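Residues 1 to 269 in UniProt numbering are what the sequence shown lists, from first letter to last.
First up is the structure itself, then whatever we jot down about it.
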Amino acid sequence: MNGKKILFVSSELVPYLPENPVSLMSYEAPRMVNSSGGQIRIFMPRYGNINERRHQLHEVIRLSGMNLVINDMDMPLIIKVASIPRERIQVYFIDNEEYFKRKATFADADGNLFPDNDERAIFFAKGVVETVKKLNWSPDIIHVHGWMASLLPLYLRKYYADEPLFADSKIVTSVYGQGFDGELDQQMMNKIAFDGIERDSIESLSQPDYNNLLKVAADYSDAIILASEEVSDDLKDHIASLSKPVLPYVSLQEAEEAYTNFYKTEVLK
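And the structure:
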């Protein structure tokens, strides 16, 4: 992967959030690329339960200050950065007071999904793209982890279709068994359509549950990684129907070789 530029966009990442399959692989995959000479950037949301002082997050004024329109509302974009010291990896955090200040990730203390999770996902996708544009950094691969990041492939291929910075970028989505129960806001489809994205391209989001979000991510990706042993048959069948390169599940111990080979032989071919 020497010299290749890979953008990792994740819902969760250790050491900033507790370890689970998504947060762990969102750390391990960039670490592997970094150690083999690749250039990386990592993006995640700046949830309010991330300890800014402990992890030494600080705002990047030159990247902040833009407003993103979400469902006809202007929402200020704040960009923060921190470093994972032992790996010398820099992480960019997408922040907004309205969406990410609350002291939790996806759900309240009673386990109820936040009602604006759909808007948070739209804001995150747009925020990542706008920040990478400001950095003027053209990635060879964009690797998506976790459902909060799952709208990124759609927005890159539809809303930002004419953006030259991403013209040659290949999108990989990792599909995990870990998702959420229930559905996001029933108006999610309308909020995405507000951005000029055709309804027939997001038809499955008329029922905005975890599987359908990941189906949309897979539809607009160039390749897919099955990142959990337990992925629903419904999701696996949809992925198989797309006739795109798929990396079957591999253990963490096998991941470095498997991911590197997949990037080289299937994604960048």
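All C-beta atoms in this analysis are idealised placements derived from N, C-alpha and C, irrespective of residue type, glycine included.
Remember, it's a predicted structure, so these values are computed and weren't measured experimentally.
Using DSSP bridges, identify the partner residues of residue i.
i: T173; result: V144 and I224
i: D74; result: V69
i: Q186; result: Bridge partners of Q186: none, in fact.
i: L113; result: A107
i: Q178; result: BP columns for Q178 are empty, so no partner.
i: E59; result: K80
i: I5; result: The sequence as given places Lys at residue 5; Ile does not occur at that position. BP columns for K5 point to Q39.
i: S10; result: H145
i: P85; result: Answer by DSSP bridge pairing: none, since P85 is not bridged.
i: V246; result: I224
i: T159; result: The question names Thr, but residue 159 is Tyr in the sequence shown. Answer by DSSP bridge pairing: none, since Y159 is not bridged.
i: V91; result: I42 and A82
Alpha carbon to alpha carbon, how far is residue i from residue j?
i: V267; j: L242; result: 15 Å
i: L213; j: D116; result: 15 Å
i: residue 271; j: K170; result: This structure cannot speak to residue 271, because the chain is shown only from 1 to 269.
i: D168; j: E97; result: 34 Å
i: I84; j: S11; result: 17 Å
i: S138; j: R41; result: 11 Å
i: Q187; j: N112; result: 18 Å
i: D233; j: S64; result: 41 Å
i: D110; j: A227; result: 28 Å
i: I79; j: N136; result: 15 Å
i: S174; j: I6; result: 14 Å
i: V15; j: M189; result: Note that residue 15 is Pro in the sequence shown here, rather than Val. Each residue's Cα considered, the two are about 33 Å apart.
i: A193; j: G182; result: 22 Å
i: V231; j: Y176; result: 6 Å
i: K103; j: I142; result: 28 Å
Buried or exposed: residue i, going by 16 or more other Cβ atoms within 10 Å of its Cβ?
i: E203; result: exposed
i: N261; result: exposed
i: W147; result: buried
i: H238; result: buried
i: residue 287; result: Here the chain has residues from 1 to 269 only, and residue 287 is not among them.
i: L199; result: According to the sequence shown, residue 199 is Arg rather than Leu. The residue in question, R199, is exposed, as its Cβ has fewer than 16 Cβ neighbours within 10 Å.
i: P45; result: buried
i: S35; result: exposed
i: E229; result: exposed
i: K191; result: buried
i: T131; result: buried
i: T265; result: exposed
i: D108; result: exposed
i: L184; result: buried
i: A29; result: buried
i: L252; result: exposed
i: I61; result: exposed
Excluding sequence positions up to five away, which residues of its chain have a Cβ less than 6 Å from the Cβ of residue i?
i: N2; result: G37
i: V9; result: F43, V128, V144, A149 and L152
i: L17; result: S23
i: G179; result: W147 and Y210
i: Y99; result: R120 and F123
i: K215; result: S204 and H238
i: Y249; result: L226 and E229
i: Y47; result: F100 and T105
i: D195; result: Y159
CB-CB under 8 Å to residue i, same chain, minus the five flanking residues each way: which ones, in chain order?
i: R31; result: E87 and I89
i: K244; result: A218, S221, D222, A223 and I224
i: L13; result: S23, S26, Y27, I42, M44 and V91
i: K133; result: E163 and L165
Once you ignore the five residues that flank residue i on each side, which residues in its own chain have a CB closer than 7 Å to its CB?
i: D74; result: N67
i: H58; result: K80 and V81
i: S201; result: K158
Determine, using beta-carbon pairs with one atom in the stretch 214 to 222 and one in the stretch 146 to 161, whether at least three such pairs fall under 8 Å.
yes
For the structure I just gave you, are there three or more beta carbon pairs, one from the stretch 69 to 77 and one from the stretch 35 to 52, closer than 8 Å?
no
Would you say the stretch 161 to 169 touches the stretch 14 to 28, given that touching needs at least three Cβ pairs under 8 Å?
no
Would the stretch 242 to 258 count as touching the stretch 189 to 207 if we require 3 or more Cβ pairs under 8 Å?
no
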